[in-house]
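Residues in the sequence shown are numbered from 1 upward in steps of one, following UniProt numbering. Here is the structure we will look at.
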Amino acid sequence: MPRNPRSAGRHRMARRTKLATGAIALSLAIGGLVVVNTTGIPDSARADGADKSFFIDIAKVPRGNNVNLDLANRGARGTFTVDCGRNENGHFNGDNFIAQPGVRNGAEHLHDYVGNLSTNADSNNKSLLRAGTTCKNGDKSAYFWPVIRINTEEEEENEAANEEKLAADRANAAKDEASPQADCPDVASELEDVPDQAMDAVNEGLIKIDQDVDNANNQLAQGKQAAKVLDDLKNQRQAAIKKIADQMKQAGKPVAKPEDQLTGCAVKQNGEGGLDNGGENSKVAKGGDVEKKKSDGKAAELPGVDDNNEIGDNEGEIQRPAKVDLTFTSGGARRVVAMPKFLRVLYGDAKQSTNGPANARPSWTCSGFEDRLTELYPICPQGSKVTRVHSFPNCWDGKNTDSANHRTHIVFSDRDGKCPRGFKNVPQLRITLTYDIPPEVQAAGQYAVDAFAQEKHNPRSDHDDFANVMSQCLMNQLVKCVNSGKRCRQ
Numbered sequence: 001m002p003r004n005p006r007s008a009g010r011h012r013m014a015r016r017t018k019l020a021t022g023a024i025a026l027s028l029a030i031g032g033l034v035v036v037n038t039t040g041i042p043d044s045a046r047a048d049g050a051d052k053s054f055f056i057d058i059a060k061v062p063r064g065n066n067v068n069l070d071l072a073n074r075g076a077r078g079t080f081t082v083d084c085g086r087n088e089n090g091h092f093n094g095d096n097f098i099a100q101p102g103v104r105n106g107a108e109h110l111h112d113y114v115g116n117l118s119t120n121a122d123s124n125n126k127s128l129l130r131a132g133t134t135c136k137n138g139d140k141s142a143y144f145w146p147v148i149r150i151n152t153e154e155e156e157e158n159e160a161a162n163e164e165k166l167a168a169d170r171a172n173a174a175k176d177e178a179s180p181q182a183d184c185p186d187v188a189s190e191l192e193d194v195p196d197q198a199m200d201a202v203n204e205g206l207i208k209i210d211q212d213v214d215n216a217n218n219q220l221a222q223g224k225q226a227a228k229v230l231d232d233l234k235n236q237r238q239a240a241i242k243k244i245a246d247q248m249k250q251a252g253k254p255v256a257k258p259e260d261q262l263t264g265c266a267v268k269q270n271g272e273g274g275l276d277n278g279g280e281n282s283k284v285a286k287g288g289d290v291e292k293k294k295s296d297g298k299a300a301e302l303p304g305v306d307d308n309n310e311i312g313d314n315e316g317e318i319q320r321p322a323k324v325d326l327t328f329t330s331g332g333a334r335r336v337v338a339m340p341k342f343l344r345v346l347y348g349d350a351k352q353s354t355n356g357p358a359n360a361r362p363s364w365t366c367s368g369f370e371d372r373l374t375e376l377y378p379i380c381p382q383g384s385k386v387t388r389v390h391s392f393p394n395c396w397d398g399k400n401t402d403s404a405n406h407r408t409h410i411v412f413s414d415r416d417g418k419c420p421r422g423f424k425n426v427p428q429l430r431i432t433l434t435y436d437i438p439p440e441v442q443a444a445g446q447y448a449v450d451a452f453a454q455e456k457h458n459p460r461s462d463h464d465d466f467a468n469v470m471s472q473c474l475m476n477q478l479v480k481c482v483n484s485g486k487r488c489r490q
């Protein structure tokens with residue numbers, strides 16, 4: 001594993017060392033590593049703040065407890081995998097625009113980002129749309145999770161360039177939030193299983209609908225009268241939606257919602273107005289989350305925040321994943337429908353010690369041992385790699401892209417892949433992160449996930465965040481791949 005910060009994607013190094021080097025005794029047996037008993041690991045040899053009871057030999061984890069594998073054998077078998085890289089460009093910050101919008105360093109731990117290039121605390125629908133992406137297929141969605149660290153004695157690297165880019169992204173997001181924009185009903189999520197004979201025409205219509213909204217936003221930015229812009233946009237949408245509806249009807253799959261309910265748009269500005277669909281989480285959130293705050297341009301006052309990406313007691317060398325797999329599945333459903341654009345989804349609970357265990361989920365395993373998941377940091381045998389598996393909620397309420405607690409609008413299906421009454425099966429995002437953590441580091445319990453201070457690096461606080469910014473056409477293709485049983489990679 002590279003230790004040179006320049007070869008490791010400009011990852012910051014620890015400002016002080018908490019590891020006991022040269023004190024690790026390992027025994028190698030034929031065919032693998034004989035793991036050290038974690039109860040014998042001295043405190044000085046552990047990752048800062050990570051309790052020795054947080055580590056477990058993966059061989060001691062019971063088999064067959066991975067519910068994701070059970071669901072994979074049910075329902076539609078298709079998958080859609082997006083290649084968005086491994087954060088080679090070093091996009092990090094301590095923000096979370098879903099759970100703590102507008103709060104700088106509100107996460108109190110560092111996030112690894114792939115996909116959308118501008119994601120920060122001030123991100124909004126418009127700023128996400130206008131940004132670039134690391135995804136090869138043009139998906140502008142935001143995918144982010146807390147980093148894993150190992151402490152080292154290496155020197156820090158100057159991150160001035162990264163800080164300058166983050167400041168520019170924040171400023172651009174603030175401008176986008178202040179500018180008027182058209183907020184329109186999502187169309188792709190109202191299409192139930194588009195037949196092959198209608199696919200090209202439907203995709204053409206969805207592309208046209210997105211283009212019309214972009215044009216309307218440009219006109220609003222130029223100061224054109226909002227009422228006139230919205231009236232023209234409604235007429236354009238009526239024509240495009242009628243063509244889509246006609247194609248679906250001819251194919252025997254009529255659009256469920258009346259066309260006139262999909263045509264009308266509203267203007268949103270400074271987080272106000274627009275459609276009442278939870279698109280911006282401006283309400284006071286339950287479960288310890290905070291009210292959205294207007295940024296004053298200053299970083300949050302947090303103890304221990306320094307200029308080398310070490311926040312609070314989260315210290316050490318950031319470990320870039322050796323592999324990042326972003327795959328959408330059926331989640332056990334026979335059929336899924338499209339996610340609406342700008343849908344926000346959370347996995348796990350970063351504050352599980354405060355909120356309780358209800359939303360925390362076992363996320364850890366080792367490569368080759370995917371039939372089991374654990375709530376603890378795994379110690380893997382020789383040749384096996386530390387792996388995190390995050391399978392997101394997949395039952396959408398059919399209306400809201402967010403909710404006050406960021407959870408009630410999208411929940412998990414049951415063990416049979418069925419949703420609660422009134423909810424729709426949408427594609428389930430599964431993020432798999434694989435790491436090249438040296439066996440001796442695993443055995444000594446010297447790696448840990450970034451976390452809020454009160455979590456004390458508890459692996460149960462592992463979590464993940466996703467905001468869908470795919471075009472409606474791309475989402476439609478995703479749904480088709482999943483429902484048809486195809487294995488699509490883009």
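Here a beta-carbon is modelled for each residue, glycine too, at the ideal position from N, C-alpha and C.
Roughly how many whole angstroms lie between the Cα atoms of residue i and residue j?
i	j	result
Val337	Asn120	29 Å
Gln225	Asn458	53 Å
residue 503	Phe412	Residue numbering for the chain in the displayed model covers 1 to 490; residue 503 lies beyond these limits and cannot be assessed.
Thr434	Pro321	5 Å
Val426	Gln454	34 Å
Asn281	Ile98	Unreliable positioning characterises Asn281 in this predicted model, as indicated by a pLDDT of 48, which lies under 50. The coordinate reading is nonetheless provided below. If I take the Cα positions, the gap works out to 7 Å.
Ala239	Val482	29 Å
Arg245	Lys257	Correcting the residue type first, residue 245 is Ala in the shown sequence and not Arg. Whole-angstrom Cα-Cα distance: 10 Å.
Ser118	Leu128	7 Å
Gln100	Gly106	6 Å
Gln428	Arg335	12 Å
Ala360	Phe54	15 Å
Val202	Val255	12 Å
Lys249	Arg388	43 Å
Thr81	Lys480	13 Å
Lys165	Val114	16 Å
Thr365	Asn89	27 Å
Asn476	Lys60	42 Å
Asn96	Val194	35 Å
Lys323	Arg149	16 Å
Thr374	Arg104	32 Å
Glu310	Phe452	12 Å
Leu275	Gln261	12 Å
Gly273	Met339	22 Å
Tyr447	Val67	26 Å
Beta carbon of residue i, beta carbon of residue j: below 7 Å?
i	j	result
His109	Asp450	yes
Asn87	Asp112	yes
Ser391	Arg430	yes
Gly332	Arg63	no
Asn217	Ala266	no
Trp145	Asp414	no
Ala198	Ala251	yes
Ile318	Val441	no
Gln269	Pro357	no
Thr408	Asp325	no
Asn192	Lys243	The question names Asn, yet the displayed sequence has Glu at residue 192. No, the Cβ-Cβ distance between Glu192 and Lys243 is not below 7 Å.
Gly264	Lys234	yes
Ser472	Asp196	First, the residue type needs correcting, since residue 472 is Gln and not Ser in the sequence shown. Going by C-beta atoms, Gln472 is not nearer than 7 Å to Asp196.
Val229	Gln222	no
DSSP has residue i in a bridge; who is on the other side?
i	result
Cys488	Phe80
Asp325	Thr432
His457	Its beta-bridge partners do not exist; DSSP assigns none.
Pro378	Ile56
Gln319	Ile148
Ile410	Trp396
Gly348	His463
Thr133	Asn116
Gly356	Bridge partners of Gly356: none, in fact.
Gly273	Lys268
Hey, residue i and residue j are a contact pair by Cβ (cut 8 Å); roughly how many whole angstroms apart?
i	j	result
Thr134	Gly94	Thr134 to Gly94, Cβ: 20 Å. No contact.
Ala171	Phe342	Not confirmed; about 22 Å, so no contact.
Asn65	Arg489	Actually they do not touch by this definition, with Cβ atoms about 28 Å apart.
Met470	Asp122	Actually they do not touch by this definition, with Cβ atoms about 22 Å apart.
Asp200	Arg237	Wrong, their Cβ atoms sit about 20 Å apart, outside the cutoff.
Ser367	Ser384	5 Å
Ile58	Phe369	5 Å
Ala72	Thr329	7 Å
Thr79	Thr327	5 Å
Give a single yes or no on whether residue i has its beta carbon closer than 6 Å to a heavy atom of the ligand GDP.
i	result
Lys60	The ligand GDP is not part of this structure, which contains no ligands at all.
Hey, is residue i's beta-carbon within less than 7 Å of any beta-carbon in chain B?
i	result
Glu440	Annotation note: the requested chain B is absent from the structure, which comprises a single protein chain.
Could you tell me whether the segment 200-215 touches the segment 179-188, using the rule of 3 or more Cβ pairs below 8 Å? yes
Counting Cβ pairs closer than 8 Å, one from the segment 308-319 and one from the segment 390-404, do we hit at least three? no
Are at least three pairs of beta-carbons, each pair with one atom in the segment 392-399 and one in the segment 362-381, less than 8 Å apart? no
Should the segment 172-179 be called in touch with the segment 337-347, which here means at least 3 C-beta pairs below 8 Å? no
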